[in-house]
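Enquirer: Structure below; questions to follow.
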Amino acid sequence: MSGLGRGGRGALLLKALETPMKIPGQPVQNGNSSSLSEIKPVAITTDTNSNVLTSKVNGHSSTPSEIKPAENLSNLNGHSQPDIKVSVPVVHGTANGHGILAHQLSKQLSTNLPEQQTPGKTSLTCISPTLPASVSPSLPTQSKIQSKSPVPVIEMDSMSINSGKSFEKGTQGTANPMYLNFVRLKCRNEGAFQYNVSFNPPIESKNMRFGMLKEHTEVIGKAKAFDGSTLFLPHRLPQPQINLTSKRQTDNTAVQVTITLVKVLAPSQCMQLYNVLLRRIMKILELQQVGRYYYDPKSPAMIPQHKLELWPGYITAIQAYEGGIMLLADVSHRLLRTDTCLNYMYDIIQKNQQDYQNEVTKKLVGTIVLTRYNNKTYRIDDIAWDKTPESTFTYHDGEEMSYVEYYKKSYNKELSDLGQPLLIHRPKEPKGVKPKGKPLEVICLIPELCSMTGLTDDMRADFRVMKDIAQHTRITPNQRQMAMRKYIKNIYNNPTALAELENWGLHLEEDLLKTEGRLLPPEKIILGNNKSIICNREADWGKEATREAVITGIDINSWMVISTKRDQPKAFEFVQTMKQCCPQMGFKCGDPFFFALNDDRTETYLRTIRENLNQKVQCVVCIFPTSRDDRYAAVKKLCCIESPVPSQMINARTISQANKLRSVTQKVALQINVKLGGELWALNIPMKNVMICGIDVHHDTSKGSRSVGGFVASTNSTFTRWYSRCVFQNIGQELIDGLKLCFVGALKKYHDENHSLPEKIFVFRDGVGDGQLEIVSNYEVKQLQDCFPLLNDSYHPKMCVVVVQKRISQRLFAIQNGGLENPAPGSVLDHTVTRKDWFDFFLVSQHVRQGTVTPTHYVVVYDDTGLKPDHIQRLSYKLTHLYYNWPGTIRVPAPCQYAHKLAFLVGTSLHKDPALELSDRLFFL
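Just so you know, we're using the UniProt record's numbering here: the sequence shown kicks off at 1 and counts up by one.
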């Protein structure tokens, strides 16, 4: 749930309106098993435009993308994003879009609590009334949103965009009516009223406090949220301070209960409380929480041929926007496997009976499993081979019982295999909660009762599996609209759910938000020989890119082709096709030096390159019989660090089909030409003396590697040549510390190429969540500005810093032919659902052929260039055309994608700084 933390006051509010559930506790064993290295769970997602599900580990593809010439990245070719969440652990912290307000509300709550009240150590209880069965839910009349106090201004550094400012909107383009996956939430009262509750004499027991307050329901009402000292009510009490009297049941002592008004929270300040109400409604609708979101286990989509099932669900969050308070709602799917952990262990043991324990541990540790008897997810941290279901543990009441007895008593589950080992899960302290004296107890799970989540490597490699999953998860805009309308209808048809909203003065509209965006004009692509084309509706110029000459072509005269003897015929066919295709694209290709290897060992490839590489070799092409990360990394280290030379890795299977060989070869030829310093196409960007930078960070915490920041910057006026550097930082660190070194190097390179320094600098920063926007605007921008005096005391260029967010749940639906379709590339929206405290906009920059497109969110965190919003929006859209690995538009500006490719290559394969000799070429494509 967006905007809700797992620890501190966020954890208290999470429990505010939830009915206490008496579920027997998990069996635990004291102490810890042998510690194992932290391994991130495998997540299967599909990035927004991929027609094939992509296997991802910790957010990046596990297979070198360079193996596939027609790069099938999330940001590239237009296909939809299946809304599928697989193997995602319970997330601690806040979701995008709600961290700031949630933090403010938490701060407000903690500020007004007594000093002895420690956040994270109390539980919040709420008693909510339900409507009688005889009452039918009538739809309330719609009313205008009334906010009696503005959203609090977030204090920021003076150089940042200020939250109190009213931002201009763009005007260029044609009107484009559209629906959004937002629903207006109207508040009919003043908001929420915060009271402090004190007891005299003091009452230590929280349960006793809850009971005493419940005695006075006639005074305070049934709808309330109380954590033992702070009380939230949807209405104002008759007096600012009320004194009530209760009796302590233990000794019949009279206790004075004093309720004092602390403050009135405007609706715009109650986002965290409203999201808690929304979670309560989810449970009333009998949706099950799995991980972060809620799903419907009663209507799964079964895929029996692959032993899979999909639970439909919803992503929901309430937040305050420029157009008022709204509910963001989107469709989500949870992929589950019908086989159990025990079945999975059996399969491994059958294949490897001698060393099965190590193999099972390797496969299971770090994965996420689901226990269907309580629909909870757990991360497997270890396997207790010395324990079985017949092992005993001490129950919370002191009784000694076996796991067999526990599951029979608590869940009525019979175990068939009494010799199976136990799975170990070690809970972690929630963020924001101070660790208690003793460590959290270890949870033991029975493999037979745990369902596997996620996909195996064999499933990911099976195209049929991915295709069958995509049929259920890739849904159209019309289907999304129907799902959201059904969700709203279910709330209105449920008297209890409707009462939850009405008791707090809230009302949901009955349909999605309708507004009007703009469609930017199509861009003109400039090719070689002074030719140009206007982008089509799909924003794709793949045919022209391979039929026309490039702007600057580099002849390939001296190059190496290395393959095994078995793949030598494929290598010959590839080279012949290269010699035929290259002249048509504006550069020549000569005969290479062929090297046929007797085996495919990594050392054989490395030795061949070392023995034959010289200063005249322009490029090294390696054709691998199979895809192996270790071999790929070893060759890349040699070609990028030890002996700097542009290199191209090709999977033999990619060039094995005769009917696709020409198309594949054309793309490989363009990619090689770029790595040699060529320029393929350009756009008309009229600004002069401008440098554009892209920044992204890659994390690989599963291997304990340091985070890598990628930095690229343009060095010419047409933005077709780029300078790149990378910087290493602490594990998991998102904000870049070493920007100065990269930025100064880029400015010097720009000066060497243009004999002057740029007058305007645009920085596009990828990979930043909403909770870090203010930090980026103050911290990273300050680093960049500190670099200017290092070059010249009088050098003070104008600068604009834009955060690019692509992992969002917002969706735009164009209204076409009486239905909903995906917006055309160039669709922009900069009002209604944008932020009050930032200049931001949503941009759809690519064409999607299946499912629903995901827009990209641009947030301007700093700007002193004086450009109009139209200029920044047009520039952002233009830059999505300049990624040379794909002849079409991508989701993010090209410098962001270049920075991502660089950081990914260094973080997964090189683990060291690439040689400076390659910094002025796009060697990492």
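For glycine and all other residues, C-beta sits at the position ideal for the given N, C-alpha and C.
At the level of alpha carbons, what is the spacing between Val664 and Ser656?
Expert: Residue numbering aside, residue 664 sits at position 664 when the sequence shown is read from its first letter. Residue numbering aside, residue 656 sits at position 656 when the sequence shown is read from its first letter. Going by the C-alpha atoms only, they are around 10 Å apart.
Enquirer: Okay, do the stretch 857-869 and the stretch 212-220 touch, 3+ Cβ pairs below 8 Å being the bar?
Expert: Taking 8 Å as the limit for Cβ pairs, the verdict is that the stretch 212-220 does not touch the stretch 857-869.
Enquirer: Between which two residues does the alpha helix (DSSP H) harbouring Gln471 extend?
Expert: Mapped onto the sequence shown, residue 471 falls at position 471. Note, Gln471: alpha helix (DSSP H), 463-473.
Enquirer: Count the other CB atoms, across all protein chains shown, that sit within 10 Å of the CB of Ser827; report buried if there are 16 or more and exposed otherwise.
Expert: By one-based count along the sequence shown, residue 827 stands at place 827. Classification of Ser827: buried, given that the 10 Å Cβ count is 16 or more.
Enquirer: For Ala713, which beta-bridge partners are listed by DSSP?
Expert: Stepping through the sequence shown from its first residue, residue 713 is reached at position 713. According to DSSP, which records beta bridges pairwise, Ala713 is partnered with Cys693, Tyr723.
Enquirer: Does DSSP put Arg849 in a helix, a strand or coil?
Expert: Reading the sequence shown from its first residue, position 849 is the one you call residue 849. Looking at Arg849 - three-state DSSP - the assignment turns out to be coil, as it is neither helix nor strand.
Enquirer: Of the choices Gly528, Arg280, Lys486, whose alpha-carbon is the least far from that of Leu512?
Expert: The residue given as residue 512 occupies position 512 in the sequence shown. Nearest of Gly528, Arg280, Lys486 to Leu512, Cα basis: Lys486.
Enquirer: Between Met687 and the rest of its own chain, which residues show a CB-CB distance below 7 Å, the 5 nearest in sequence each way excluded?
Expert: Numbered from its first residue, the sequence shown carries residue 687 at position 687. Excluding sequence neighbours, Met687 sits near Lys760.
Enquirer: Based on the DSSP secondary-structure assignment, which residues constitute the bridge partners of Tyr862?
Expert: Looking up residue 862 in the sequence shown gives position 862. The partner list for Tyr862 (beta bridge, DSSP) reads Val801.
Enquirer: With distance defined between alpha-carbon atoms, name the residue in Asp417, Phe788, Arg464, Ser876 nearest to Leu449.
Expert: Within the sequence shown, numbered from 1, the residue matching residue 449 stands at position 449. When each option's Cα is compared against that of Leu449, the closest is Asp417.
Enquirer: What does the alpha-carbon distance come out to for the pair His857 and His333?
Expert: Translated into positions along the sequence shown, residue 857 becomes position 857. Translated into positions along the sequence shown, residue 333 becomes position 333. Computed Cα separation, rounded: 23 Å.
Enquirer: Identify every residue that forms a DSSP beta bridge with Leu327.
Expert: To locate residue 327, count along the sequence shown from 1; it is residue 327. Beta-bridge pairing links Leu327 to Val183, Ile318.
Enquirer: Quick one: grab the DSSP three-state call for Asp770.
Expert: Residue numbering aside, residue 770 sits at position 770 when the sequence shown is read from its first letter. Looking at Asp770 - three-state DSSP - the assignment turns out to be helix.
Enquirer: Please return the same chain residues whose Cβ sits closer than 7 Å to the Cβ of Val135, not counting the five positions on each side in sequence.
Expert: As a first step, residue 135 must be located in the sequence shown, where it is residue number 135. In this predicted model, Val135 has a pLDDT of only 32, less than 50, meaning its place in the structure is not dependable enough to derive any value.
Enquirer: Quick check: the stretch 546-555 against the stretch 903-917, are at least 3 beta-carbon pairs closer than 8 Å?
Expert: Flag = no, the stretch 903-917 and the stretch 546-555 do not touch.
Enquirer: If I measure Cβ to Cβ from Leu606 and keep anything under 8 Å in the same chain, skipping five residues before and after, which residues do I get?
Expert: What you label residue 606 is simply residue 606 of the sequence shown in a count that begins at 1. Cβ within range, chain order: Ala634, Val635, Leu638.
Enquirer: With a threshold of 16 other CB atoms inside 10 Å of the CB of Ile349, please say whether the residue is buried or exposed.
Expert: Taking the first residue of the sequence shown as position 1, residue 349 is located at position 349. Exposed is the call here.
Enquirer: Report the CB separation of Val833 from Gln850 in whole angstroms; it is logged as a contact under 8 Å.
Expert: Taking the sequence shown and counting its residues from 1, one reaches residue 833 at position 833. Taking the sequence shown and counting its residues from 1, one reaches residue 850 at position 850. Contact doesn't hold; Cβ gap of about 25 Å is too wide.
Enquirer: In the structure shown, what three-state DSSP assignment does Thr908 receive?
Expert: Taking the first residue of the sequence shown as position 1, residue 908 is located at position 908. Helix at Thr908.
Enquirer: I need the straight-line Cα distance from Ala652 to Leu922, nearest angstrom please.
Expert: Counting from 1 along the sequence shown, the entry for residue 652 is found at position 652. Counting from 1 along the sequence shown, the entry for residue 922 is found at position 922. One C-alpha to the other measures close to 23 Å.
Enquirer: Let me know the secondary structure DSSP gives Pro267 once reduced to three states.
Expert: Within the sequence shown, numbered from 1, the residue matching residue 267 stands at position 267. Three-state DSSP puts Pro267 in a helix.
Enquirer: Exposed or buried, which one is residue 927 when buried takes at least 16 other CB atoms within 10 Å?
Expert: Past the edges of the chain, shown from 1 to 925, lies residue 927, and the structure says nothing about it.
Enquirer: By the three-class DSSP mapping on this structure, what secondary structure does Pro234 have?
Expert: Start at 1 with the first residue of the sequence shown, and residue 234 comes out as number 234. Of the three classes helix, strand and coil, the one that applies to Pro234 here is coil, per DSSP.
Enquirer: Below 7 Å CB to CB, which residues in the same chain sit around Ala427 once its five sequence neighbours on both sides are set aside?
Expert: For the purposes of this step, residue 427 is taken as the residue at position 427 of the sequence shown. The residue asked about is misnamed: residue 427 is Pro in this sequence, not Ala. Excluding sequence neighbours, Pro427 sits near Leu440, Ile443.
Enquirer: I need the straight-line Cα distance from Phe842 to Ser909, nearest angstrom please.
Expert: On the sequence shown, position 842 is the one that residue 842 refers to. On the sequence shown, position 909 is the one that residue 909 refers to. For Phe842 and Ser909, the distance between alpha carbons rounds to 34 Å.
Enquirer: CA-CA distance, Asp462 and Val848?
Expert: What you label residue 462 is simply residue 462 of the sequence shown in a count that begins at 1. What you label residue 848 is simply residue 848 of the sequence shown in a count that begins at 1. Going by the C-alpha atoms only, they are around 23 Å apart.
Enquirer: Expressed to the nearest angstrom, what Euclidean distance is found between the alpha-carbon atoms of Arg379 and Thr230?
Expert: For the purposes of this step, residue 379 is identified with residue 379 of the sequence shown, where counting begins at 1. For the purposes of this step, residue 230 is identified with residue 230 of the sequence shown, where counting begins at 1. If I take the Cα positions, the gap works out to 34 Å.
Enquirer: Would Arg891 be called buried (16 or more neighbouring beta carbons within 10 Å of its own) or exposed?
Expert: By one-based count along the sequence shown, residue 891 stands at place 891. Arg891 is buried by the Cβ-count criterion.
Enquirer: Would you list the residues sitting across from Glu190 in a DSSP beta bridge?
Expert: Counting from one through the sequence shown, the residue named residue 190 turns up at place 190. Answer by DSSP bridge pairing: none, since Glu190 is not bridged.
Enquirer: Report all residues from its chain with a CB closer than 6 Å to the CB of Pro69; omit the five preceding and five following residues, and keep chain order.
Expert: To locate residue 69, count along the sequence shown from 1; it is residue 69. Low per-residue confidence applies at Pro69: pLDDT is 36, beneath 50, and the placement is therefore not dependable, though the value from the model is reported in the following sentence. Only Val664, Lys667, Val668 meet the Cβ criterion.
Enquirer: Sorted by chain position, which residues of the same chain lie with C-beta nearer than 6 Å to Tyr293's C-beta, five sequence neighbours on each side aside?
Expert: Working through the sequence shown from its first residue, we reach residue 293 at position 293. Gly313, Ile315, Ser332, listed in sequence order.
Enquirer: Nearest-angstrom Cα distance between Gly398 and Asn375?
Expert: Position 398 of the sequence shown, counted from the start, is the residue given in the question as residue 398. Position 375 of the sequence shown, counted from the start, is the residue given in the question as residue 375. Computed Cα separation, rounded: 27 Å.
Enquirer: Between which two residues does the alpha helix (DSSP H) harbouring Glu821 extend?
Expert: Counting from one through the sequence shown, the residue named residue 821 turns up at place 821. Taken as a continuous stretch (DSSP letters only), Glu821 belongs to no alpha helix (DSSP H), being part of the beta strand (DSSP E) at 819-821.
Enquirer: Is DSSP giving Ala549 helix, strand or coil here?
Expert: Here residue 549 refers to the residue found at position 549 of the sequence shown. The answer is coil: DSSP assigns Ala549 none of H, G, I, E or B.
Enquirer: Name the DSSP beta bridge partners of Ala814, please?
Expert: Within the sequence shown, the letter at position 814 stands for residue 814. Ala814 is bridged to Met178, Glu821.
Enquirer: Can you check the stretch 502-586 for any beta strand (DSSP E) of at least 3 residues that lies completely inside it and give the ranges in chain order?
Expert: DSSP runs (the beta strand (DSSP E)) wholly in the stretch 502-586: 506-508, 513-519, 524-526, 532-534, 559-564.
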